Structure formats: C-alpha cells, structure tokens
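Residue 915 in our numbering is what sits at position 353 of the sequence shown, and the numbering runs on without skipping anything.
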Amino acid sequence: WSEPAEYHLWITTSAFIKKPKTKDVSAGGMTVFEAETEKMGIKVKWQQNGIELATSEKYVIKSEGNKHFLTINNVGKEDDATYAVIAGSSKVKFELKVTEPGKPSDYAEATSDNKVSQVLPTEAQKEIPVDPIGIFVTRPQDGEVAIGGNITFTAVVASESLLKKPTAKWFKGKWMDLGSKVGKHLQLHESYDRTNKIYVFEMNIIDAKPTYAGGYRCEVATKDKFDSCNFTLVVHEAPATTDLDIRSAFRRTNEGKVESQPEVDVWEILRNAPASEYEKIAFQYGITDLRGMLKRLKRMKKEEKKSTSFQKRLDPAYQVDKGQKIKLVVELANPDEEVKWLKNGQEIQVSGRYIFESMGNKRILTINHCSLADDAAYQCVIGEEKTFTELFVREPPILITHSLEDQVVTVGERVEFEAEVSEDGATVKWEKDGVELTREEAFKYRFKKDGKKHYLIINESTKEDNGHYKVKTNGGESVAELIVQEKKLEVYQSIADLTVKARDQAVFKCEVSDENVKGIWLKNGKEVIPNNRIKISHIGRIHKLTIDDVTPEDEADYSFVPQGFAYNLSAHLRFLGKFHGISFLTPEPPKIHLDCMGQTTDTIIVVAGNKLRLDVPISGDPIPEVIWQKINKGSPTPGLWHPFSDSEGRVHVETYEDRCVFTIEGAEKEDEGIYRVAVKNPAGEDTANITVKVIDIPDPPEAPKITNVGEDNCIVQWQPPKYDGGQPILGYILERKKEKSYRWMRLNFDLLKDLTYEAKRMIEGVVYEMRIYAVNSVGMSRPSPASQPFMPIGECQHACCIICNPSLRIQEGKEQF
C-alpha cells in the first residue's frame, strides 16, 4: 500500500516545528523539555496534568527566540505526570516517567523492540482533559521504526460530550484510505473504556518496510463534531546488531532444514576482516551465497560512512500554510563550500519567491508566498553529497457555505443540486448513497463549477436516481435527498354542469395537484379556440374556461384534458331560453317553475369564492312581483329578514318576464342558509324555499406532533382540522424540510387516510420540521404550522442526554441544558 508521489499530507494547523518528547528520568535528577515554534515572539504556556506551571525554583521556564524550554529540577515522584506545551491553538502533550535510580521505567520497557505504544497515562485516565482544539484527548504522535519492526499509533477520544459513537479513519497522504489496506502488515483496532468513557483507536504497522514512511492523518467524526490530526512515520534501516543471523540469510538449505550453529556475530567478523579473508570466512560459517553477502556488506559500509559536507541536514519534511513563507536550513562542515538547491531534481534559480542566504556555515533557502506548486521534493547538494526533504503546502479547509436542498421531481424531469463553498476553484467530491460519482459516469451525471458554486446535474431523472446525494470538501460535507416519483395527478376540484341564461357568463373551473401541468379544453370533442368571447386561463393549479354573452350555440359538453395524463374532466352547459307559457285572457296566478330547470328544492351547493346564481323560471299574468328573503339561522318559519333590494353589497336581484335571478358575488360561509322566493300578482301568489350550502377547502390542521424519533425515522401524528369545509376530509398530505432550509418536500403522493404516519429516509443528526395539509373534494387547505424541530438520532449511551431523555429537559420548573 505504498502511495504514488503525487499524494501528500493534509496537516492541521500547528505552531510547533519541534515538539518535546516523553522522557525517562531517575528520581533526584534534572531534565529539560524543548519546543520550537514556527515564528518568533509566540507566547507559550506549559501545563502539568492540565494545570498551568509558573516559574519557580523547581520549574524554570525560559524562551530564546523561537525556542522554549521547561527545566524541572530535583525530579521527584510527584513529577511523574502528563505535560503539555500550548502556543495559540496548538497543543502538544508529552510525559515524564520518574524511576528509582538504576531501575528501568515502564515507558522504556513499553518502547523496546522498536514498538511505540501511545497509551493514555494513568494520571490522565483519572481526570481526562478535554482537548481545546478538537475532540481528541490524545492525538497520534510522530513515530520512528526500523525496517521489519512494529509500531502502534493511538488516538484517544472522550465520549462524554458526544451525541453518538465516534468513527475513526486513517489515511496515508491526502486521500489513501487505509481501511481498505488492512491485512498482514496493517491492523486497525478500536475499544471503549466504560470507566473513563473514552474510545481508543489504534493503527498497528507490522513488519515495516521503507515505503511505509511518510505523512499520515487520523480523522475522527461524530454527528456534530469533526477533528483530524497529522503525524509522520520515519522508517530506518535496521541496525546491524539486530539483523538476522547472516548464515540463515545466505546459506542454502537441504530439504528446507537449517543446521543449528553456535551464535556468532558474523557481520562483525566480516567488517574487521580484509577482503582476501571473505571466502574463507564464508566457508567456515557455511555461507554459500557469497555474492549476496558481498552486496549486503558493501551497502552496510556505505551506510556507515558519515557525511563530510553537512553538519546538519535538512529535516525529513516541512509544512507550510498556502500563501506563507518557509525556510529550509542546512549547516555546512566547511563554510566556504558552494551549494545548489534542487526542486524535483531541477536546479532552482534566484527569483522574487526563491531567496538564497548564507550566514556563516548556514545555508538557507526561503520560499515566499507558497502555492500548491511548491508542494514538492527539495535537495541541497554539495559536490556528490545530497540532503533530501519534502515540503507539504497546507491548504485552508474548504467550508460549505450553502448546503444542498432536498428535491422531489417526477420521472424525466431535470435535477440540479447546488452547493456553494468558501473558496473559488476548490475541489469537491460528489457521492450517491456513499458511492463516489466519477467523470466516467458523465453520460448520467454532469458536474459544473461557477466560481464558488458547484452543481451536480441529472438531465433526465429515473426511479433509480432516488437516494441521498452528498457533496464533500476537505472541511465539511452536505447531504440532500432526491425523490423521483411517477407522474401522477390529483384532481382537487372538477368542473361542474352549468345552466346559463342568454347573454350571461359561463365559467368552467377545475383545480389539479400540479401547478406545472398544462391542458386543453374540448367542446363536443373538438378543441376550444379562444377568441374575444371565449377565454382560457391557467393560474397555478387553477384552469378556467370563460364564455361571455352565452348563446344557444354554446350549449354543449365541455371537457378539460390535462396534458400527459389519462384524465377527462367533463361537464354540460345548458342554455336557458325564454319560458314558453300559455297566454290567458283572464288573469293567471303566479307560479314558480323550478321543475322547468330540472331543479328541486334540494340543497344547492356552491364553492366558496365562486358566484352563487339562483335562476328561477316564473309565470303569471300580469307579470308577478318577486321578493327574495333569507330565513334566520335556526328558525325555518318566522323571523324572515327584510327583502333583498335590487342591489345590496354583493347581492344582485333581477326580474324578467319569465324568470327571476338572485346572485351573490364571491360566496362565503355566512351565505349558507334557506332562501325563500315569493311571487305575487292580483290573481294570487306562490313561494319556494331553496337551501344553499357553501363548501370550501378545510381549515389547516394544528401543528403535527413528532414521537418515537429513531436513527432515520420518526412517527408523525396530527388531528383533523376544526372545520372540514363542509365536505368530508378525503385525506392528508405531509411535507418535511430541514430546519435551516426554505424548501418543503412532499412525503406522500397518495392521500394519507390515517392520522399517523411513519416518516423514513431521513439523515441522522440533521434537524427537521414537519407540516400537514387537509384535503376535501374542494381542494387542499393551507399548511398547518410547522412541528417542533427534531433530530433523527440513534441510541445514545449517555443517560444525561436531553434528546434521548426528554423528561430531563424540565426539572424543578427550570429548563435544563
């Protein structure tokens, strides 16, 4: 699992370029811890078990330029503790192990055999300090191991303040996830200490190889927090004294068996022997692979050769923030030597960004305004000798400033997810249900950048595109759900039959569930063409056909056909002409002819907001007088209101030779009741009662209640609206949105008949709200108030969590936080 050269290390902000290390000190002795900061003049603090130390006779604190020292005199058992040095937001922890004189420490034993174990110290376990930078209690530290050795890196996380169990990921370089590399040479472990409420995550490297050296990163995340830590592994050649027995390495075996030989350090013999004795020594100790032995010996002698040109080489790696400057420093044995600086093997020329300095025996390369192009390998060369390092340029974390929004579309529609990040030209990753979307899938997905905005586009959505989509940067992520539904249309209000008098207006109106649906109007099966007298309108979900100055030719069957759906909403227009009565030479008593319209005294229903028109045929000679009245509520006989005049607010009364017309513009709930029409002439009188019922959309229900909140689901409950609009409730529509979003997403496409619903497919840790609509045959109510915000979350291990234990929220009349 060695990484290619183009992978580099993501490193969190740190002010230290040299960190103090854990030490072993005998009681009664003295020790000095040293830290070095990137910049001069930075104030540092030293702590012991989380308590700040002050200069005293025992603890001496000094600073010289960018170097800082803590000296502990007369070390005693009380000094065996965990220490920390803090500069700004950077904190480095280390330990002091105090042993009795002549007795090895536990730490020395733990680090023997090239194995580093970064275990939480006993004192720290008693009172675990919270890392002020993130959620780590103990961060993985830089480590060194010999080839073939083992090493363990440990991260410790306190769980007391976390809503859910944290997860850890280990990376080599910027992107290589080591979770897929677990095997013979790499093991990942995790454990939970219930006593101290800490999680311990370990990465074990076994039988280290040179290619394992480099920069690593540990990321720890929970639903509400995220932190990462960078560290470096250096792999050394194994010392000669720890090599395998040379005879077992270079002796040919017989049937796989090796004869036992006395323990002799053959390498030491070969180092001190002249070349002429090599063959004799090989024969004496049974070494048959002489060629391999000589190659190995040559390489060892070369490694033993010390540098004659450099007193101090370059550090193995440097790191710098993008836009900042960095100094690479070497010290020469001979101050008169000339040096060359190389970047990726090419000599660097002096420029405004690259500055060469010579100070005594020091040679300094300064790189100003570092960019990602400076993230490379560098060498300082004197003659044939070279010293090598790598520079890692650290990018600032890219934040998501505008999150993705949930979307509901129908099959075939275009989908466009939009996110905005904090930097122009930043790199983002897109995922669907945890699987990365790549450029190879361009036939399905299209990726677009526009400054800080990033888009994921699906041109023609299908049912398979249902799922959760995620955009990720190195500093955050955002998730949204896409629901692709089959094309389905609901009719909230169908068109109704009309009976219209000559030169009046006829209005056919219908309401469907989708405001984007278009359609056509038909007359006796042929498309209606608008003109000066006939108008077609489409506003939102409402479609209207209006016919002015109705004539006998307008009597027909009319239909509305929504485009793309198998619906045909039909109604009949009946033209009402002059009533053909019989003329008498003698006076004719007045008569109300409701049967002439095919009407009875049954209830007349009108939708709120529409025109109420009562067109009653009459006869009589002489032409009778017409009186319209409304009976008071609750009294079917006496107490009639005063007669309506010809014009009274919204009410209009018209009388003709053969009919009388009563009209109310924009019917309201208060217009319901029993209307009485009376006709009189000298020959007599006649009356009829007409019951009018005004129906409307329901009132909005009250805010729904949220119960049984799970990891990605909850139960939503609600009550019927107080007023059903005069028509039975057909069902309910439920909508959901993220708390900080403006977009509501519909959860059901068939009306809900019950008063409870299990909402699923939510994202754990995201705050949601719900609202409900009631639907009757007239239409859909206004939305209810939103529910209380809630967060889907799995089981919590903390009894004090108010999310998992709502009863803890109020105690003794006070809200608990």
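In this text, a Cβ means the ideal position worked out from N, Cα and C, and glycines have one as well. Quantities reported herein were computed from a predicted structural model and do not represent experimental measurements.
Is it buried or exposed for residue i, if we count other Cβ within 10 angstroms and need 16 for buried?
i       : result
Glu536  : No information on residue 536 is available, as it lies outside the stretch 563 to 1379 that the chain covers here.
Thr784  : buried
Arg1344 : exposed
Tyr1319 : buried
His1105 : buried
Gln756  : Correcting the residue identity first, residue 756 is Arg in this sequence and not Gln. Label assigned to Arg756: exposed.
Ser618  : exposed
Pro582  : buried
Gly818  : The predicted position of Gly818 is uncertain, since its pLDDT is 36 and thus under 50; a value taken from the coordinates is nonetheless stated next. Label assigned to Gly818: exposed.
Tyr1237 : buried
Asp1258 : buried
Val1329 : exposed
Val1271 : buried
Asp898  : exposed
Tyr1120 : buried
Leu876  : buried
Val678  : For Val678, the predicted model reports a pLDDT of 34, less than 50, meaning its position is unreliable; a value from the coordinates is still stated below. Buried.
Can you tell me which of the three DSSP states residue i falls into?
i       : result
Tyr840  : helix
Glu1446 : The structure shown does not extend to residue 1446, since the chain is modelled only from 563 through 1379, so no value can be given for it.
Ser869  : coil
Lys1085 : strand
Leu1317 : coil
Asp1099 : The question names Asp, yet the displayed sequence has Ser at residue 1099. Three-state result, Ser1099: strand.
Phe578  : strand
Lys787  : coil
Pro1200 : Caution applies to Pro1200, whose pLDDT of 46 falls short of 50 and renders its modelled position unreliable; the value that the coordinates give is listed next. Three-state DSSP puts Pro1200 in coil, outside helix and strand.
Asp883  : strand
Leu934  : helix
Gly974  : coil
Tyr1218 : coil
Lys1032 : strand
Glu1273 : coil
Leu795  : strand
Leu740  : helix
Pro1179 : strand
Thr700  : strand
Given a cut-off of 8 angstroms on the beta-carbon distance, is the pair residue i and residue j in contact?
i       : j       : result
Ser1023 : Val1046 : yes
Asp1312 : Pro1283 : no
Val977  : Leu1044 : yes
Ser1181 : Pro1266 : no
Ile1166 : Thr1253 : yes
Val997  : Thr1035 : no
Val647  : Val606  : yes
Leu961  : Val1041 : no
Pro1151 : Ala1245 : yes
Leu1174 : Val1062 : no
Lys902  : Glu893  : no
Val1223 : Asp1177 : yes
Thr599  : Ile579  : yes
Lys620  : Ile634  : yes
Val882  : Lys924  : no
Leu1135 : Glu1115 : no
Gly1356 : Lys726  : yes
Since residue i sits in a beta bridge, which residues does DSSP pair it with?
i       : result
Asn1251 : Arg1238
His747  : Partner(s): none; His747 has no beta bridge.
Phe715  : Met765
Lys629  : Glu598 and Glu626
Ala646  : Gln609 and Lys655
Ile1109 : Ala1068 and Ile1096
Glu1264 : Partner(s): none; Glu1264 has no beta bridge.
Is residue i close to the ligand MN? I mean its beta-carbon at under 7 angstroms from any heavy atom of the ligand.
i       : result
Arg1298 : As far as ligands go, the structure on display features none, and thus does not contain the ligand MN.
Worksheet item: Three or more beta-carbon pairs under 8 angstroms between the region 1061–1073 and the region 1104–1111, yes or no?
Response: yes
Fill in: Inter-stretch contact (C-beta, 8 angstroms, three-pair minimum) for the region 735–750 and the region 715–724
no
Practice prompt. Decide yes or no for the touch test of the region 696–710 against the region 623–637: beta carbon pairs closer than 8 angstroms, at least 3 of them.
Written response: no
Worksheet item: Just checking, does the region 1294–1306 make contact with the region 1328–1341 on the three C-beta pairs under 8 angstroms criterion?
Response: yes
Discussion item. Quick check: the region 872–884 against the region 936–953, are at least 3 beta-carbon pairs closer than 8 angstroms?
Written reply: yes
Worksheet item: Taking contact to mean at least 3 C-beta pairs separated by less than 8 angstroms, is the region 742–752 in contact with the region 786–802?
Response: no
Worksheet item: At a cut of 8 angstroms, does the region 1074–1088 reach the region 1118–1135 through at least three beta carbon pairs?
Response: yes
Practice prompt. Give a yes or no on contact between the region 790–800 and the region 760–776, applying the rule of three or more CB pairs nearer than 8 angstroms.
Written response: yes
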